[in-house]
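Participant: Chain order of the listed sequences is P and E.
So the first sequence is numbered by the working numbering: it starts at -5 and just counts up by one.
So the second sequence is numbered by the working numbering: it starts at 612 and just counts up by one.
Note that beta-carbon positions come from the ideal geometry of N, C-alpha and C, so glycine has one too.
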Amino acid sequence: MSPYEWTILEASARLSAGDVSAVELAEATIARIEAVDARIKAYLHFDAEWALDQARAADRRRKAGESGALLGVPVAIKDVLCTRDMPTTCGSRILEGFRPPYDATVVDRMRKAGAVILGKTNTDEFAMGSSTENSAYFTTLNPWDLRRVPGGSSGGSAAAVAAGECLGALGSDTGGSVRQPAGLCGVVGLKPSYGRVSRYGLVAYASSLDQVGVLARDVQDAALLLGVIAGRDGQDSTSMNLPVPDYVAGLGEVDGLGGVRVGVPSEYFIEGMQPEVRDTVRAAVSVLADLGAEVREVSLPHTEYALPVYYLIAPAEASANLARYDGVRYGLRVEAAGGLGGMYTATRGTGFGAEVKRRIMLGTYALSAGYYDAYYLKAQQVRTLIKRDFDEAFESVDVLIAPTSPTTAFEIGEKVDDPLQMYLADVFTLSMNLAGNCGLSVPCGFDAADLPIGMQVMGPAFGEDKALRVAYAYERATDWHTRRPIL
Amino acid sequence: MILTREQVEHIAELARLALSDAEVALYQEQLSAILDHFAQLQELDTQAIPPTATVLPLRSVMREDEAGSTVTRDEILSNAPAAEDGCFTVPAVLD
Chain P
-5 MSPYEWTILE
5 ASARLSAGDV
15 SAVELAEATI
25 ARIEAVDARI
35 KAYLHFDAEW
45 ALDQARAADR
55 RRKAGESGAL
65 LGVPVAIKDV
75 LCTRDMPTTC
85 GSRILEGFRP
95 PYDATVVDRM
105 RKAGAVILGK
115 TNTDEFAMGS
125 STENSAYFTT
135 LNPWDLRRVP
145 GGSSGGSAAA
155 VAAGECLGAL
165 GSDTGGSVRQ
175 PAGLCGVVGL
185 KPSYGRVSRY
195 GLVAYASSLD
205 QVGVLARDVQ
215 DAALLLGVIA
225 GRDGQDSTSM
235 NLPVPDYVAG
245 LGEVDGLGGV
255 RVGVPSEYFI
265 EGMQPEVRDT
275 VRAAVSVLAD
285 LGAEVREVSL
295 PHTEYALPVY
305 YLIAPAEASA
315 NLARYDGVRY
325 GLRVEAAGGL
335 GGMYTATRGT
345 GFGAEVKRRI
355 MLGTYALSAG
365 YYDAYYLKAQ
375 QVRTLIKRDF
385 DEAFESVDVL
395 IAPTSPTTAF
405 EIGEKVDDPL
415 QMYLADVFTL
425 SMNLAGNCGL
435 SVPCGFDAAD
445 LPIGMQVMGP
455 AFGEDKALRV
465 AYAYERATDW
475 HTRRPIL
Chain E
612 MILTREQVEH
622 IAELARLALS
632 DAEVALYQEQ
642 LSAILDHFAQ
652 LQELDTQAIP
662 PTATVLPLRS
672 VMREDEAGST
682 VTRDEILSNA
692 PAAEDGCFTV
702 PAVLD
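What follows is the structure, given as structure tokens:
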């Protein structure tokens, strides 16, 4: 096995033991990137020399007596997170070449832990999309089938982890953008509870929904990464002041799932979803039952309304958050007739892609005079109903299990001309962002075309430890997560 | 369609987006189809339901009014498309 195939915990153990240096580990990962990224196109920004400098610094830190599970481990960062030493484009031309003057808090925490940041990964523009086809630069390809999408918006991070181009990655999840690409790429993708992880330096899309998420090859690695980035941050007043458990240690506490109550929401097993996905996830639920879990059907009655609620609230918040891109202080500026006003409209008209413009307009309309009550306020009220569904379900179960995506990876170009069809790709992930609870997608099988199928393990707010334990027990009883795409 | 051309142009103006005629027509069609789909929300009786703006119990999180470190002027201007005398320069506002 080449070092780029190790899990973070494996790499960490070998770095600790002195079997390998951070430089050697970085070199192996860099060689992998150089071998496959021309085909996968996961990275928007990659600098081998700079990565090696960081690796050398990590080796020096280790020599000076430091340890820590992430010291010297090569990771990738989705390009919606601010990095002061690398460009941050959010997959958009309006931020082409932008160099933030600060690091996102999660990036800072990763650096303090000694992670080696290889580069910035591709994303749908401003995290708006489910396939990474909305990136203004290029589309990332699914390592399992290069004619297919990796999912989105964290498609670059998911593909990079699946292809061995990093040992772990950060992404962001507003409507499913960590979980869905993780599901489509056969890796683990975790969205923390809203308020668990700081959003400082995460370029804002929808402020009441956004969370930084983690992508990795297995549940232990995901638990490790979560532990590094989680916790209150004075610079994000929406980060909760709650203790961060040792998520990795917490995995080892449970042997089997006796006493664990697993809920299966009937609304997530519907007509129109790929039959293999439905059958595979049901088979995974049986494995949980075999491990001793008490499985019961539950209902989240307002699930079908999650799509309109999300696609009114998120665009409304985005229309406010993206108002800052005006050509004045950073990014693209397009001068045009009409003075300052002309500059605003020309800059934004040129710099934003179609999906971003669509969502800004949808949001602007939903908030506008005469329509606010019927659309935005209504959506917020239904959001309350959706959240209540989850709160009530978690009174009788510990975790909820559902498919991550209604289908396996679709073909590039298949849904780009029909926005609504693309939005439907997220029907199983949207509710969690609206309710604010946590969950992760784990690999649970493959379809007849050898495409990965993901299963969501959802926990209550600040119940990441519960979801992780169930996911870990499942992983130890199966080996889906050990399969790698052939490249 | 739910949206008229004039409405789309008005929304684009509110959002400060310059759109071509082709874009106006395309978005009119696409946004109308999307909004049409969202009509299903009206099925639900939400009269007695409070809106959720945030899922957290936090409100008005404050800190002590103590000066700390900040970003420097040079850092703030480092990405400026145009700058002069420590300020961002912009085209004149035409009235």
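Fully enclosed by the region 37 to 67 of chain P, which alpha helix (DSSP H) runs are 4 residues long or longer?
Facilitator: 42 to 57
Participant: Less than 8 Å between the beta carbons of Val421/P and Pro400/P, yes or no?
Facilitator: yes
Participant: Using a Cβ-Cβ distance cut-off of 8 Å, determine whether Gln639/E contacts chain P.
Facilitator: No, Gln639/E does not count as interfacial toward chain P.
Participant: Whose CA, out of Pro309/P, Ala32/P, Lys351/P and Asp320/P, lies closest to the CA of Thr700/E?
Facilitator: Asp320/P
Participant: Suppose only complete runs of 4+ residues qualify. What are the alpha helix (DSSP H) ranges in the region 54 to 129 of chain P, listed by chain order?
Facilitator: 99 to 106
Participant: Should Pro413/P be labelled buried (16 or more other beta-carbon atoms within 10 Å of its own) or exposed?
Facilitator: buried
Participant: Using 10 angstroms around the beta-carbon of Cys698/E, count the other beta-carbons present and answer buried if the total reaches 16, otherwise exposed.
Facilitator: exposed
Participant: Along the region 615 to 641 of chain E, what residues have a CB closer than 9 Å to any CB found in chain P?
Facilitator: Gln618, Val619, His621, Ile622, Ala623, Glu624, Leu625, Ala626, Arg627, Leu628, Ala629, Leu630, Ser631, Glu634, Leu637, Tyr638 and Gln641
Participant: Alpha carbon to alpha carbon, how far is Asp656/E from Ala442/P?
Facilitator: 43 Å
Participant: Mind checking the region 283 to 297 of chain P against chain E and listing, in chain order, the residues whose C-beta falls within less than 9 Å of any C-beta there?
Facilitator: His296
Participant: Compare the Cα-Cα distances from Asp444/P to each of Ala29/P, Glu270/P, Ala198/P and Lys72/P and report the closest residue.
Facilitator: Glu270/P
Participant: Where does Gly225/P sit, in a helix, a strand or coil, going by DSSP?
Facilitator: coil
Participant: So with Cβ pairs under 8 Å, would you call Gln205/P a contact of chain E?
Facilitator: Taking Cβ atoms only, chain E never reaches closer than 8 Å to Gln205/P, which makes this a no.
Participant: Write down the C-beta distance between Ala20/P and Glu159/P rounded to the nearest angstrom, noting that I regard them as a contact closer than 8 Å.
Facilitator: No, Ala20/P and Glu159/P are not in contact; Cβ-Cβ is about 12 Å, not under 8 Å.
Participant: Measuring CB to CB, does Val275/P end up less than 8 Å from Met122/P?
Facilitator: no
Participant: If you reduce the DSSP assignment to three classes, tell me which class Pro302/P lands in.
Facilitator: helix
Participant: Let's test the definition: count the other Cβ atoms within 10 Å of the Cβ of Ile395/P and tell me whether it reaches 16, buried, or not, exposed.
Facilitator: buried
Participant: How many Å lie between Ser680/E and Gln374/P at the Cα?
Facilitator: 37 Å
Participant: With distance defined between alpha-carbon atoms, name the residue in Pro81/P, Ser129/P and Tyr96/P nearest to Phe346/P.
Facilitator: Ser129/P
Participant: Between the C-alpha atoms of Ala224/P and Val197/P, what's the straight-line distance to the nearest angstrom?
Facilitator: 18 Å
Participant: Could you check if Ile480/P is buried or exposed, using at least 16 other CB atoms within 10 Å of its CB as the buried criterion?
Facilitator: Result: exposed.
Participant: In the DSSP assignment, find the unbroken beta strand (DSSP E) run with Asp167/P in it and report its ends.
Facilitator: Residues Gly162 to Asp167.
Participant: State the beta-bridge partners of Ala210/P as determined by DSSP.
Facilitator: Residue pairing of Ala210/P in beta bridges, as defined by DSSP: Gly162/P and Val182/P.
Participant: Within a Cβ cutoff of 6 Å, which residues of the same chain sit near Gly165/P, ignoring the five residues on either side of it in sequence?
Facilitator: Lys72, Ser148, Ser151, Val172, Gly207 and Leu209
Participant: Can you name, in chain order, every residue of its own chain whose Cβ lies under 6 Å from the Cβ of Val30/P, other than the five neighbours on each side?
Facilitator: Ala157 and Leu481
Participant: Is the beta carbon of Val143/P closer than 8 Å to that of Phe388/P?
Facilitator: Cβ atoms of Phe388/P and Val143/P: not closer than 8 Å.
Participant: Taking 8 Å as the threshold (beta carbon to beta carbon), is Arg589/E in contact with chain P?
Facilitator: Because residue 589/E is not part of the residues shown, which for chain E are 612 to 706, the question remains open.
Participant: Quick check on Gly123/P - is its C-beta less than 8 Å from some C-beta in chain E?
Facilitator: no
Participant: If we define contact as Cβ-Cβ less than 8 Å, is Ser689/E a contact residue for chain P?
Facilitator: yes
Participant: Against chain P, with Cβ distances strictly below 8 Å, would Glu686/E count as a contact?
Facilitator: yes
Participant: Can you grab the Cα-Cα spacing for the pair Gly364/P / Gly407/P, in whole Å?
Facilitator: 37 Å
Participant: Taking Ala471/P as the reference, which of Val279/P, Glu288/P and Met452/P has the closest Cα?
Facilitator: Val279/P
Participant: If you draw a straight line from the C-alpha of Ser362/P to the C-alpha of Thr126/P, how long is it?
Facilitator: 30 Å
Participant: Closest to His648/E by C-alpha separation, out of Tyr199/P, Asp139/P and Leu418/P, would be which residue?
Facilitator: Leu418/P
Participant: How would you list, in chain order, the residues of chain P whose beta-carbon sits under 7 Å from the beta-carbon of Thr663/E?
Facilitator: Gln374, Arg377, Thr378 and Lys381
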